[in-house]
Structures are given as structure tokens and as C-alpha cells.
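With the sequence shown counted from 1, adding 17 to any position gets you the working numbering. For glycine and all other residues, C-beta sits at the position ideal for the given N, C-alpha and C.
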Amino acid sequence: MIKIMANLEHHNKPLWLAIGFALIACLGFLDYMAGYEFSFSLFYLAPITLIAWFTGRRLGFVASATSAVVWLLADMAAGHPYSHYAIHYWNSAIRLGFFVIVTLLLSALREALEREQGMARTDYLTGLLNARYFHDRLRQEIDRSHRFNHPFTLAYLDLDDFKSVNDLFGHDTGDRVLQKVAGIMKRQLRKTDIVARLGGDEFALLLPETGHEAAQTAVSKLRFSLLDEMQKQQWPVTFSIGLLTCMDASLSVGDLIKMADELMYSVKKGTKNNIGYAIHGQSGQSSPNAVLPKP
18 MIKIMANLEH HNKPLWLAIG FALIACLGFL DYMAGYEFSF SLFYLAPITL IAWFTGRRLG
78 FVASATSAVV WLLADMAAGH PYSHYAIHYW NSAIRLGFFV IVTLLLSALR EALEREQGMA
138 RTDYLTGLLN ARYFHDRLRQ EIDRSHRFNH PFTLAYLDLD DFKSVNDLFG HDTGDRVLQK
198 VAGIMKRQLR KTDIVARLGG DEFALLLPET GHEAAQTAVS KLRFSLLDEM QKQQWPVTFS
258 IGLLTCMDAS LSVGDLIKMA DELMYSVKKG TKNNIGYAIH GQSGQSSPNA VLPKP
């Protein structure tokens with residue numbers, strides 16, 4: 018049931034509100050037509066569930082109150098006899114309480130599910146995406162590039178001499194370095210760009226709809242910002258980066274990651290603190306080049 022609801026997330030709130038309140042109105046009419054001998058209270062949970070799950074707790078409370086009022090009106094219109102007129106309102110209040118409890122439980126379940134999903138796709142230390150979810154997003158970008166024929170760029174970033182930070186300053190400082198790097202990347206890149214920690218001191222960037230020149234400019238600027246911060250903190254860390262621009266979507270996720278990784282390692286085994294780049298596309302893959310490091 019939860020998986021089915023998750024697959025319907027792309028529908029907007031007004032649609033679910035319209036469906037939910039239309040169902041409440043229909044149930045009220047059926048409740049009235051069936052007479053007071055048949056109880057429809059349980060069926061009101063369906064629209065309440067839809068509204069509470071897809072639009073939030075507050076509107077779930079509104080749906081609960083609306084359902085209780087509709088039930089009250091249908092019960093009164095059906096001529097249900099009670100020994101005291103206040104029993105109408107008492108029964109309606111009891112149903113309202115039941116509906117509200119269901120709304121609260123659904124909201125708590127939704128929040129727990131969102132937390133679990135967030136933990137499953139993020140790195141616990143940096144708050145960035147983890148490797149598994151990054152691969153999923155890269156696969157989606159490959160499909161989108163194939164459909165719309167747009168380029169994209171993948172960057173593989175490694176921290177040079179990161180081990181020396183742990184050795185000299187301790188692992189707590191090493192964690193601070195990783196968090197600082199993650200924070201700078203999140204702030205400096207576009208909201209549409211995807212940043213992930215692949216593990217250890219390795220990170221990946223996915224720049225959708227970004228050609229070679231734009232990617233080179235953006236990643237060079239990012240690298241300079243990272244170097245400035247490392248110097249400011251007096252951390253002996255530099256950055257080796259592999260930058261792969263894809264003009265078509267002919268490669269798999271594994272192939273793209275491998276190519277960007279190899280570009281990064283070619284820099285790391287050479288000068289370090291540099292950017293190795295290549296273009297894969299319809300005219301073939303260019304031979305790797307390098308952007309000179311900041312003096």
C-alpha cells in the first residue's frame with residue numbers, strides 16, 4: 018500500500034484535495050440514501066487517508082472535520098431517532114476523534130517513511146547523496162540525455178594527501194575537512210547539480226545539461242574555492258579531479274564512472290592538484306587534457 022502511494026507522489030495537491038472532498042460528498046449522499054440503519058463511518062477513512070497522506074496533516078484534519086460534519090448532516094437528514102438531540106453531536110464528536118487519530122497516525126507514518134528514505138540515499142557524515150543513489154540519478158540523467166539529446170558532465174573528485182590530515186590532526190579534523198568540502202560544493206553549485214560522496218575522500222558531481230566549457234569553468238571555480246578554504250584552515254589538502262563531458266548517452270553508468278575515475282587517477286599519479294578532462298560524444302572521445310593548477 019505504501020509503495021503504491023509513493024508511486025503516485027507526482028500528482029499535485031489540488032488533485033488529491035478535489036478527489037478526497039468529492040469522495041466525502043459522495044459518501045455523505047450514500048450515507049443519507051442508505052438510511053440510519055447502515056453505518057458508513059469506516060468508508061470516510063478512504064478520502065481522509067488520501068488527503069492526509071498526499072497533502073499533509075493540516076488538511077487531513079480539515080478532511081476529518083468535514084467528514085464528521087457530513088456524517089452528522091446525513092444522520093440527521095435520515096431521521097435517526099435518539100432519546101436526546103445531543104446524542105447526534107456526541108456521536109459526531111466521537112467519529113471526529115477517530116478520524117483525527119487516524120490522521121495523526123498516517124502523518125507519523127509518512128514522516129517516518131520520509132526519514133527512512135532520506136537516510137537510505139544520503140551520506141551520514143556530509144549529508145550529500147550516497148554512491149547508490151548517485152548511480153540512480155546518473156542513470157536517470159543518461160535516459161534524459163538520450164531522450165532530449167542534451168549533454169551532461171560527470172566529475173570525479175579526490176582529496177590529495179587527506180590521509181596526512183588524519184595522521185597529523187586526528188580523525189575528527191578529517192571529518193571536518195569532508196564536511197567543509199561538502200558544504201562548499203553544495204553552496205557553489207547549482208540547485209540542479211547533483212553532489213555525492215562515493216566513499217572515503219572521493220566525491221562525484223553530476224552537472225545536467227552542461228557542456229565541456231561551462232563544466233570546466235564551474236569545476237575550476239569550485240576547485241579554487243576549495244583550495245582557498247583548505248589554505249585558510251591550514252589543512253594540507255589539494256584536489257585531483259576527473260571531468261568527463263558526455264555529448265551522447267551511449268555509455269552505461271559503470272562505464273561513465275570508470276572513465277571519470279581513470280581521468281582523476283591520471284591526474285593523481287601525475288601532478289596532483291589538477292583537473293583532467295575528456296569529451297565523449299558522437300565524434301569520439303578526445304584525448305585527456307589538463308587545466309593548470311592555481312599558482
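Distance CB(residue i)-CB(residue j) smaller than 9 Å
| i | j | result |
| --- | --- | --- |
| Leu222 | Ala231 | no |
| Gly293 | Ile258 | yes |
| Trp88 | Gly52 | no |
| His297 | Ser269 | no |
| Ala94 | Phe116 | no |
| Val236 | Leu260 | yes |
| Asp92 | His163 | no |
| Gly77 | Ser109 | no |
| Ala80 | Ile104 | no |
Cα-Cα separation, residue i to residue j
| i | j | result |
| --- | --- | --- |
| Gly191 | Leu67 | 46 Å |
| Met281 | Phe220 | 11 Å |
| Leu62 | Leu121 | 13 Å |
| Gly37 | Pro64 | 4 Å |
| Leu184 | Leu155 | Checking the sequence shown, residue 184 turns out to be Asp, not Leu. Taking the straight line from one Cα to the other gives about 34 Å. |
| Pro168 | Ile201 | 25 Å |
| Thr341 | Lys249 | This structure cannot settle anything about residue 341, because the visible part of the chain is limited to 18 through 312. |
| Asp178 | Pro253 | 7 Å |
| Ala35 | Gly73 | 14 Å |
| Trp33 | Phe71 | 7 Å |
Neighbour-count burial assignment, residue i, 16 or more Cβ in a 10 Å radius
| i | result |
| --- | --- |
| Glu158 | buried |
| Asn15 | Since the first residue of the chain shown is 18 and the last is 312, residue 15 is not available in this structure. |
| Arg240 | buried |
| Ser181 | exposed |
| Gly96 | exposed |
| Ser100 | exposed |
Which residues DSSP lists as bridging residue i, in chain order
| i | result |
| --- | --- |
| Tyr61 | None; Tyr61 has no bridge partner. |
| Val212 | Leu222 |
| Phe256 | Leu176 |
| Phe116 | Phe116 is not bridged to any residue. |
Whole-angstrom C-beta distance between residue j and residue i, which should lie under 8 Å
| i | j | result |
| --- | --- | --- |
| Phe165 | Ile211 | Contact doesn't hold; Cβ gap of about 17 Å is too wide. |
| Ser242 | Gln196 | Going by Cβ atoms, the distance from Ser242 to Gln196 rounds to 15 Å, so no, they are not a contact pair. |
| Thr170 | Leu215 | Not a contact, Cβ separation roughly 16 Å. |
| Ala199 | Leu145 | 5 Å |
| Ser58 | Arg112 | 6 Å |
| Leu174 | Phe256 | 6 Å |
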